[in-house]
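Trainee:
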Amino acid sequence: MYKNLFLSVLLFWSFQPVFAQKDWKLNKEKENIKIYTGNIANSKIKAIKVECEFDARASEIVALLLDVESAPDWIYHTKSCKLVKRVSPSELYYYSEVSVPWPVENRDFVAHLTVSQNQHTKVITIDGPAVSGHVPIKKGVVRINNSTGKWIIIPESDHHIRVEYTLHVDPGGALPSWLVNLFATEGPLHIFRELKVQLQKPVYKNAQFAFIKD
Numbered sequence: 745m746y747k748n749l750f751l752s753v754l755l756f757w758s759f760q761p762v763f764a765q766k767d768w769k770l771n772k773e774k775e776n777i778k779i780y781t782g783n784i785a786n787s788k789i790k791a792i793k794v795e796c797e798f799d800a801r802a803s804e805i806v807a808l809l810l811d812v813e814s815a816p817d818w819i820y821h822t823k824s825c826k827l828v829k830r831v832s833p834s835e836l837y838y839y840s841e842v843s844v845p846w847p848v849e850n851r852d853f854v855a856h857l858t859v860s861q862n863q864h865t866k867v868i869t870i871d872g873p874a875v876s877g878h879v880p881i882k883k884g885v886v887r888i889n890n891s892t893g894k895w896i897i898i899p900e901s902d903h904h905i906r907v908e909y910t911l912h913v914d915p916g917g918a919l920p921s922w923l924v925n926l927f928a929t930e931g932p933l934h935i936f937r938e939l940k941v942q943l944q945k946p947v948y949k950n951a952q953f954a955f956i957k958d
């Protein structure tokens, strides 16, 4: 259960390209969503990788991911998600709290989200590592400081994209690693299902960005 809560929420938000491990094991494949798990050196907590394709433009999924305050509508067990500071159209800071069933304490984190695109391949990278500061520590809530991952959005045609996502996160606090790893595939499956639903909303359909070329 707890793995489902922590990784499913942090799957969406915690990004940084630091993965060196390549021995991914396919853990689940359902509804054209492939979920892999893999071991990371010096960590008892498994990493995950998700692969999925969408009938959408790259700008549409970028618009959804930048719409951080919509996260409680579709990111599993997100209690709140608020914009802290918008640096530019492609860069922002946000704060999110993860709701966890008693007796485990809720988790929260602050992330620095950036979007970039390779102008030759049109491949988009979204990074957003957890950062310190910006929001005071809350009593009774465990602050997450350790999360690494990366979204890669690969346009394959005008209205078809392939998404690759990798994540490794330490939820902090007194949680045994076997419990954190137990449900490594359930949260990602939930999020990518909902991602498909969200992309159908009109608010994202006409999205355009000066820094993204579809």
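Per the numbering used here, the sequence shown starts with residue 745, numbered consecutively.
Each residue gets a CB set at the ideal place from its N, CA and C atoms; glycine is no exception.
Counting beta carbon pairs with one atom in the stretch 805 to 815 and one in the stretch 943 to 951, are three or more of them shorter than 8 Å?
Mentor: Cβ pair count under 8 Å is three or more, so yes.
Trainee: With C-beta atoms as the reference, is CYS796 less than 7 Å away from VAL867?
Mentor: If you number the sequence shown from 1, residue 796 lands on position 52. If you number the sequence shown from 1, residue 867 lands on position 123. No.
Trainee: Could you check if GLN952 is buried or exposed, using at least 16 other CB atoms within 10 Å of its CB as the buried criterion?
Mentor: As a working note, residue 952 is residue 208 in the sequence shown. It is exposed - the Cβ of GLN952 has fewer than 16 other Cβ atoms within 10 Å.
Trainee: Rounded to a whole number of angstroms, what is the C-alpha to C-alpha distance between TYR820 and ASN862?
Mentor: Residue numbering aside, residue 820 sits at position 76 when the sequence shown is read from its first letter. Residue numbering aside, residue 862 sits at position 118 when the sequence shown is read from its first letter. Computed Cα separation, rounded: 31 Å.
Trainee: I'd like to confirm the pairing. Which residues does DSSP put opposite PHE798 in its beta bridges?
Mentor: Counting from 1 along the sequence shown, the entry for residue 798 is found at position 54. DSSP lists ILE905 as partners of PHE798.
Trainee: Could you tell me which uninterrupted alpha helix (DSSP H) segments, each at least 4 residues in length, are contained entirely in the stretch 845 to 879, listed from first to last along the chain?
Mentor: Those alpha helix (DSSP H) runs which fall completely within the stretch 845 to 879 and span 4+ residues do not exist here.
Trainee: Name the DSSP bridge partner or partners of GLY884?
Mentor: Counting from 1 along the sequence shown, the entry for residue 884 is found at position 140. Per DSSP, none; premise fails for GLY884.
Trainee: Can you check whether the CB of TYR909 is closer than 7 Å to the CB of GLU804?
Mentor: Taking the first residue of the sequence shown as 1, we reach residue 804 at position 60. Taking the first residue of the sequence shown as 1, we reach residue 909 at position 165. Going by C-beta atoms, GLU804 is not nearer than 7 Å to TYR909.
Trainee: Could you tell me the alpha carbon to alpha carbon distance between ALA802 and VAL859, rounded to whole angstroms?
Mentor: The sequence position of residue 802 within the sequence shown is 58, counting from 1. The sequence position of residue 859 within the sequence shown is 115, counting from 1. Roughly 12 Å between the two C-alpha positions.
Trainee: So the alpha helix (DSSP H) ILE779 belongs to, where does it begin and stop?
Mentor: For this step, residue 779 is matched to residue 35 along the sequence shown. Segment 777 to 782 is the beta strand (DSSP E) holding ILE779; no alpha helix (DSSP H) there.
Trainee: Taking only three categories from DSSP, how would you classify LEU809?
Mentor: Taking the sequence shown and counting its residues from 1, the one referred to as residue 809 is at position 65. DSSP places LEU809 in helix when its eight states are reduced to three.
Trainee: Identify, in the order they occur along the chain, each residue of the same chain with its Cβ nearer than 8 Å to the Cβ of GLU773, setting aside the five sequence neighbours on each side.
Mentor: What you label residue 773 is simply residue 29 of the sequence shown in a count that begins at 1. ILE779.
Trainee: Output needed for HIS878: all residues of its chain with C-beta closer than 8 Å, excluding positions within five of it in sequence on either side, in chain order.
Mentor: Taking the sequence shown and counting its residues from 1, the one referred to as residue 878 is at position 134. Only VAL828, LYS829, TYR837, TYR839, VAL854 meet the Cβ criterion.
Trainee: Taking only three categories from DSSP, how would you classify TYR838?
Mentor: On the sequence shown, position 94 is the one that residue 838 refers to. Looking at TYR838 - three-state DSSP - the assignment turns out to be strand.
Trainee: Measure the CB-CB distance between ILE905 and ILE896 and report whether it falls below 7 Å.
Mentor: Counted from its first residue, the sequence shown places residue 905 at position 161. Counted from its first residue, the sequence shown places residue 896 at position 152. Going by C-beta atoms, ILE905 is not nearer than 7 Å to ILE896.
Trainee: What does ASN890 pair with, by DSSP beta-bridge criteria?
Mentor: On the sequence shown, position 146 is the one that residue 890 refers to. Answer is ASP914, bridged to ASN890.
Trainee: Whole-angstrom Cβ separation of GLU841 and LEU857, contact assumed at under 8 Å?
Mentor: Numbered from its first residue, the sequence shown carries residue 841 at position 97. Numbered from its first residue, the sequence shown carries residue 857 at position 113. Not really, about 17 Å apart at Cβ, beyond 8 Å.
Trainee: Apart from the five residues just before and just after ASN889, which ones in its own chain have a Cβ nearer than 6 Å to its Cβ?
Mentor: Against the sequence shown, residue 889 aligns to sequence position 145. Here the set comprises ALA874.
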